[in-house]
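Written out below as structure tokens is the structure these notes cover.
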Amino acid sequence: GAVVSQHPSRVICKSGTSVKIECRSLDFQATTMFWYRQFPKQSLMLMATSNEGSKATYEQGVEKDKFLINHASLTLSTLTVTSAHPEDSSFYICSASGRNEKLFFGSGTQLSVL
Amino acid sequence: SQQGEEDPQALSIQEGENATMNCSYKTSINNLQWYRQNSGRGLVHLILIRSNEREKHSGRLRVTLDTSKKSSSLLITASRAADTASYFCATDANSGYSTLTFGKGTMLLVSP
Numbered sequence: 085g086a087v088v089s090q091h092p093s094r095v096i097c098k099s100g101t102s103v104k105i106e107c108r109s110l111d112f113q114a115t116t117m118f119w120y121r122q123f124p125k126q127s128l129m130l131m132a133t134s135n136e137g138s139k140a141t142y143e144q145g146v147e148k149d150k151f152l153i154n155h156a157s158l159t160l161s162t163l164t165v166t167s168a169h170p171e172d173s174s175f176y177i178c179s180a181s182g183r184n185e186k187l188f189f190g191s192g193t194q195l196s197v198l
Numbered sequence: 229s230q231q232g233e234e235d236p237q238a239l240s241i242q243e244g245e246n247a248t249m250n251c252s253y254k255t256s257i258n259n260l261q262w263y264r265q266n267s268g269r270g271l272v273h274l275i276l277i278r279s280n281e282r283e284k285h286s287g288r289l290r291v292t293l294d295t296s297k298k299s300s301s302l303l304i305t306a307s308r309a310a311d312t313a314s315y316f317c318a319t320d321a322n323s324g325y326s327t328l329t330f331g332k333g334t335m336l337l338v339s340p
């Protein structure tokens with residue numbers, strides 16, 4: 085099956101620093117990738133849709149300048165949390181669209197901002 | 229906004245028992261999918277059922293879809309401790325591939 089690799093799996097950073105999370109499709113080309121945020125025991129909240137070669141489409145309420153998304157190739161999308169604050173602490177998950185309308189998910193990144 | 233609503237929110241059963249989770253949604257869909265998430269991990273696709281299908285099986289999984297009631301159920305038969313996870317339904321409202329809308333999930337605990 086298709087594999088999506090996401091890293092780091094866990095990051096702890098100081099308030100005010102920026103954190104980059106990578107999402108790679110390992111064995112298929114993903115023109116579209118999705119970034120989600122998940123709070124404990126909650127569902128996934130779609131943050132943005134990342135399109136290769138074009139600007140990401142952000143969901144309402146998601147700050148574009150805060151969560152920078154770059155999808156420079158068909159196999160890589162990155163999410164950068166800029167000037168992170170404790171309220172940005174969360175579980176971030178990426179996914180990529182594969183064949184047959186399924187989504188393939190990365191293993192997630194637990195971000196803790198001190 | 230979340231379209232799918234799973235119930236129950238949490239389910240605790242013994243190994244060998246069957247587990248049934250339900251999902252309701254509000255708008256028309258192209259397909260409905262079920263995903264599983266182990267704690268602190270990404271989601272894994274389990275099964276997809278299209279709007280013109282009523283039932284689908286995959287191993288110990290059985291999914292039903294009732295478009296008139298806008299609801300779906302996921303049945304896991306002969307549950308195992310390894311089935312312990314959160315289960316999410318996700319609806320796809322558009323033709324072809326598009327953004328899925330996830331429900332809030334059911335946390336399933338299977339005790340040995």
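Top to bottom, those sequences are chains A and B. Position in the first sequence (first residue = 1) + 84 = the working numbering. Position in the second sequence (first residue = 1) + 228 = the working numbering. Every residue gets a Cβ at the ideal spot worked out from N, C-alpha and C, and that includes glycine. This structure is a prediction, so every number in the text was calculated from the model and none was measured.
Residues of chain A with CB under 8 Å from Gly268(B), in chain order? Going along chain A in sequence order, the residues near Gly268(B) (Cβ under 8 Å) are Phe175, Gly192, Gln194.
Cβ of Leu293(B) within 7 Å of Cβ of Ser300(B)? Judged by beta-carbon spacing, Ser300(B) lies within the 7 Å limit of Leu293(B), meaning their Cβ atoms are closer than that value.
Do Ser134(A) and Ile153(A) come within 7 Å of each other at the CB atom, strictly closer than that value? Their beta carbons are under 7 Å apart, which means Ile153(A) touches Ser134(A) by this criterion.
For Gln261(B), which residues in the same chain have their Cβ closer than 6 Å to its Cβ, ignoring the five residues on either side in sequence? So the list reads Leu276, Ala318, once near-sequence residues are dropped.
Neighbourhood of Leu128(A) by C-beta distance below 8 Å, restricted to the same chain and skipping five residues each side: Here Leu128(A) has Tyr120, Arg121, Gln122, Ile177 as same chain residues with Cβ atoms under 8 Å from its own Cβ, once five neighbours each way along the sequence are excluded.
Could you check if His273(B) is buried or exposed, using at least 16 other CB atoms within 10 Å of its CB as the buried criterion? So His273(B) ends up on the buried side.
Kindly identify the DSSP beta-bridge partner or partners of Tyr253(B). Answer by DSSP bridge pairing: none, since Tyr253(B) is not bridged.
Which residues in the same chain as Gly324(B) place their Cβ atom closer than 7 Å to its Cβ, once the five residues preceding and following it in sequence are excluded? Confidence is the limiting factor: at Gly324(B) the pLDDT is only 49, short of 50, which leaves the residue's position unreliable, though a coordinate-based value still follows. Correct list: empty, nothing qualifies.
Taking beta-carbon pairs under 8 Å, can you tell me which members of the segment 269 to 284 of chain B lie near chain A? Answer set for the segment 269 to 284 of chain B: Arg269, Gly270, Leu271, Val272, His273, Leu276.
Can you tell me whether DSSP reads Glu46(A) as helix, strand or coil? Residue 46(A) falls outside the range modelled here, since chain A spans only 85 to 198, and no answer is possible.
Can you give the beta carbon distance from Gly333(B) to Ser314(B), rounded, assuming they're within the 8 Å contact cut? A Cβ-Cβ separation of about 5 Å places Gly333(B) in contact with Ser314(B) under the 8 Å criterion.
List the endpoints of the continuous beta strand (DSSP E) containing Phe151(A). Boundaries of the beta strand (DSSP E) harbouring Phe151(A): 151 to 157, taken from the DSSP string.
Assuming Ala168(A) contacts Ser93(A) under a Cβ cut-off of 8 Å, what Cβ separation, rounded to an integer in Å, is found between them? Between Ala168(A) and Ser93(A), the beta carbon gap of about 17 Å keeps them out of contact (Cβ cut-off 8 Å).
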